[in-house]
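What follows is a short report on a single structure.
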Amino acid sequence: MKKKRSTKDMYQSQMFGNSRVSISIPNDLLRDVTELARQKKTSRSIILNESTQLGFREVAVRFAIEEYQRGHISVGRAAEISGLGLAEFMEEMKKHGITPRYDEESSTKEIVDE
0 MKKKRSTKDM
10 YQSQMFGNSR
20 VSISIPNDLL
30 RDVTELARQK
40 KTSRSIILNE
50 STQLGFREVA
60 VRFAIEEYQR
70 GHISVGRAAE
80 ISGLGLAEFM
90 EEMKKHGITP
100 RYDEESSTKE
110 IVDE
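Once you know that position 46 of the sequence shown is 45 in numbering that gives the first Met the number 0, the rest is easy, because the numbers rise by one and skip nothing.
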């Protein structure tokens, strides 16, 4: 039997333009999500939505850093992919122990821009 969506869930879906998807998650994770939702007095959907957003941001940052390290993209493009501003992305790189690489072209551009 399908569980009826709460008014709050329907409202959030309309307000934020959410789409519905179906995923499989491990039973122990579902128990944790259910318990956290109970403690926060909210729905599992909201907990999963928040978790997905936080997790996605981390996945995007890691991917951008990996592509930058491989030399496939510039630091500016990596910042775009990560969804962060350039300064924020540079901080993330620092947290991961990565220093930006400077080539002749970008060094010249920086000098000209100053």
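Cβ coordinates follow ideal geometry from the N, Cα and C atoms, glycine included.
message: Measuring only the C-alpha atoms, how far is residue 62 from residue 34?
response: 31 Å
message: Using the Cβ count rule (16 or more neighbours within 10 Å means buried), how would you classify residue 74?
response: buried
task: Would you tell me roughly how many angstroms separate the C-alpha atoms of residue 55 and residue 66, rounded to the nearest one?
output: 16 Å
Cβ neighbours of residue 41 in the same chain (closer than 6 Å, five flanking residues each side left out): none
message: Spatial neighbours of residue 43 within its chain, please: C-beta separation below 7 Å, excluding the five flanking residues on both sides.
response: 32, 33 and 36
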